[in-house]
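Note that full-length UniProt numbering numbers the sequence shown so that position 122 is 122, with each residue one more than the last. In what follows, a single structure is set out as structure tokens and then discussed.
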Amino acid sequence: MKNVQISCICGRTSTATICHQGSEFRPQCFRVCHATLSCGRHACDERCCTGERKAIERQAAKKRSRPLGSAAPPPTDLIEAEHICTRVCGRPLKCGNHTCQELCHRGACRSCPEAIFDEVRCHCGRTALEPPLPCGTQPPPCRFQCERPKSCGHPQVQHTCHQDSESCPKCPFLVSRRCMCGKTTLKNQPCFLSDVRCGQTCGAKLKCGSHFCRKPCHKPGECEDAFDKPCTQPCGKPKKACGHPDEAPCHAPYPCKEDKPCQSKIVITCACQAQKVESRCGASRSSEGNSTKQLPCTDECARLERNRRLAVALNIDASSHVDGGDHVPYSDETLNLYAAHQAWAQTQEREFRVFADSPGEKRLRFKPMKAQERAFLHSLAQDFGFDSESLDPEPHRHVLLLKTPRFVSAPGKTVGEALRVRQLQRKVVERPAAVKEERKVDENKSPFNAFVIAGPRFGLTVEEVRSVVVSAVPAEIRFEVEFLPSEEVVLRPVKPDMMVPGAEETLREVKPGLEAVVKANQIGTLQLCAVDLSLNIIRRESDPSTADGWSRVAAKGAAPRRVPTTAAVGGPNSYAALSGAGSGKVTFAKKKEKVKKKPVEPVVDDWEAEMEAEERRSRGQSAAGSDAEVGLSDVEAAKTDGRGVKADAEVAKSDGEFHESKPDEAAEGPIPSEEARSTGSDGEAVNSEVAGVPSSTEGEVQAVPAPTQSIA
């Protein structure tokens, strides 16, 4: 018998054995085939697989020869027979009742081939599908209302019938429920909410025995130390060394260690409490720290003590004294709103100042408030140099403050101090009317002693203004640059002799060159002004002048023309409007014609005596006619004066002092009778004010009969 080398079934290994055994039983190696079957889900897992080599070559050729983007060939065409999966698929079908009975395959399974012979109804049973039907058919949609009862007992919300997989809408009814901590009964809570919170702090004592639960309303057993958690609150017990609370985590029931310096902040002062320094306590079990230290008094302390003694000696109330003079850095609107609600306004101002002193804070949001309270915040923000805006609609409208580059620092005076200054100023101003007028005239006549730059450019600095001023004015004249709360810039001379009244001429000489430089650098508008020692602008160059003369004429406020007046001699005069009486305005208006009444002739008893009286009257009239010729020259002179007055009236009319009514309109209408000439339209005597001579229709002088003498 001869031994030969016989290979295994897969051909990977060979074994020496008897010749006849190689034809009857081929040996198998222990190599396991891991090739993927045709289904893509299972592996071969056979020992000494005859198709392992083919599977390796197939996979290598597939990766090497397949073009990019081309479709993959059907897997069964290339897969060797040894690696075709013959298992049953067994995956559940879409119907949910059966499994796939086909051979294991790639991709999704087919629809369930089974059929059902029962009706498929909705939940309420009023809508159904008749058999036969494919397996897995879903119940049809129902158009009837859902009739499921609610566990809370409230009526069902109207909605259509649905399956159990879909829940009914939440119950919208409002009920009263006990909160989770059991302290409060909350009303008007939605019925579907089972756990409601009252928002109060729990307050239950923790296991440490020193602290209380700080969590909001919660279920019992869920405090801070629940589930064996240690208490993490600060100890809070006063230290024996300094008395400050211990900030270490809770260490109950053990005492505080106090081996580290205390980190609490304290204020160290001098003996008179004028000097103050903020520092750390630093006290520990082995050191007293800074709590017993004291600052030495300085010269400032001595000065304040002298002032205090002097105030006591002179009986001066130190609380009424305000630093910074009488300058008020707040607007009148801010002061008025502050005076209306001082306690509330002080709280808001305190928040403003804390925000102003915090360099890291860029915005501050206030809680919602009323419109009048928001108006105070907006006005105060403008005085501080903040930008403010109102956000959100009512009733949640609130104010937001923003720091901008134009903010420098908070005003030195508080609003309360400025209000006291303003009240003192008003007491001084409240004087008799004559004193007020005299002071007003003095202020208007105060000379210009400084310059003011109105409407300065945004971001303007003191150094920039000073460099421009130095380059434009002579070297012997120096100005001090001051910024006002109104964002205007005041250039005040440094030398005392420049503040006297005679310095106005010097400032007017300097103004043209300085104004040109200011305009070229686009700094603002330069003009002369008069300021007091507190930088309050009394008068500006642009203010309207209060001088007499042509300035009043240009301002339509000229003094009325005065004409001497005499008693009336004749009828009404059309130039009587030049009298200037009353309001000082000159108008020409038509006289209303008086309705003439027919005289009623009396009936005389003795007609012979009446005839004799008539003859005597006729002889008196003839004598009066001769006397009238004697005074003709005087009448002509009066006529000349009347024309002169008319000329003056025309000149005044050209200056805009008269109304648009023409003088001719005053003479239109019928000539009044002798009785009408002697009385006005209202029955009152009209006084002629032009040389005592009545005027005619066109301004001519009428002949006035001379006074008659009685004939004995």
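Note that the Cβ used here is the ideal one computed from N, Cα and C, for glycine as well.
Secondary structure at Phe-451: strand, using DSSP grouped into helix, strand and coil.
According to DSSP, residue pairing for Ser-388 in a beta bridge involves Leu-401.
When Val-175, Met-180 and Gly-199 are compared, the shortest CA-CA separation from Pro-190 is found for Val-175. Around the beta-carbon of Ile-79, 16 or more other beta-carbon atoms lie within 10 Å, marking it buried. In the same chain as Ala-128, and ignoring 5 residues on each side of it, the C-beta atoms closer than 8 Å to its own belong to Glu-119, Val-120, Arg-121, Cys-122 and Pro-140, in chain order. Gln-273 and Gly-385 have their C-alpha atoms spaced approximately 33 Å apart. Between the alpha carbons of Ala-516 and Ile-523 lies a gap of roughly 11 Å.
Taking C-beta separations shorter than 8 Å and ignoring five residues to either side along the sequence, the partners of Lys-239 in its chain run Pro-245, Asp-246, Cys-256, Glu-258, Cys-262 and Ala-283, following chain order. Per DSSP, Pro-190 lies in no alpha helix (DSSP H) segment; the continuous beta strand (DSSP E) that holds it begins and ends at 185 to 190. Segment contact: the stretch 330 to 341 against the stretch 371 to 387, three or more CB-CB distances shorter than 8 Å; contact assigned. Under the DSSP definition of a beta bridge, Cys-529 partners with Ala-450 and Arg-540.
The C-beta separation of Glu-482 from Val-490 comes to about 5 Å, placing the pair in contact by the 8 Å criterion. Residue environment: Cys-168 is assigned as exposed (fewer than 16 neighbouring CB atoms within 10 Å of its CB, all protein chains considered). If you compare the alpha carbons of Cys-208, Gln-101, Thr-292 and Leu-391 with that of Ala-252, the shortest gap goes to Cys-208.
For Gly-455, the number of other beta carbons within 10 angstroms of its own is below 16, and it is reported as exposed. Thr-99 has Pro-92 as its beta-bridge partners, per DSSP. Looking at the DSSP output, Asn-3 shares a beta bridge with Ile-18. Under DSSP, the beta-bridge partners assigned to Ser-279 are Ile-266. The stretch 401 to 414 makes contact with the stretch 362 to 380; the number of CB pairs closer than 8 Å reaches 3 or more. Cys-217 is positioned such that its CB atom lies no closer than 8 Å to that of Cys-235. Taking a contact as a CB-CB distance under 8 Å, the pair Cys-10 and Cys-49 counts as one, their CB atoms being some 6 Å apart. Inclusion of Cys-100 and Cys-85 in the CB contact set at 8 Å is not warranted, their separation being larger than that value. Taking all protein chains shown into account, Leu-93 has 16 or more neighbouring C-beta atoms within 10 Å of its C-beta and is therefore buried. Val-490 has Val-452 and Glu-482 as its beta-bridge partners, per DSSP.
Between Thr-184 and Gln-200, the CB-CB gap stays under 8 Å. For Glu-612, there are no CB contacts under 7 Å within the same chain when 5 residues up- and downstream are skipped.
Taken atom to atom, the span from the alpha-carbon of Ser-358 to that of Ala-241 is near 33 Å.
Taking C-beta atoms as the reference points, Asp-225 and Leu-206 count as a pair closer than 8 Å. When rounded, the separation of the alpha-carbon atoms in Lys-170 and Phe-192 is 6 Å.
Counting C-beta pairs closer than 8 Å gives fewer than three between the stretch 408 to 421 and the stretch 450 to 470, which falls short of the contact rule.
With a threshold of 16 other beta carbon atoms within 10 Å, Ala-503 meets it and is buried.
Sequence-distant partners of Gln-28 (beyond 5 residues in either direction) whose C-beta falls short of 7 Å from its own C-beta, in its chain, are Cys-8, Ile-9, Arg-47 and Cys-48. In chain order, Gly-203, Ala-204, Lys-205 and Leu-206 place their CB closer than 7 Å to the CB of Phe-212, counting only its own chain and leaving out the 5 sequence neighbours on each side.
Taking every protein chain shown into account, the CB of Lys-413 has 16 or more other CB atoms within 10 angstroms, so this residue is buried.
DSSP places Arg-31 in no alpha helix (DSSP H); its state is neither H nor E.
A direct Cα-Cα distance of roughly 18 Å separates Arg-353 from Glu-389.
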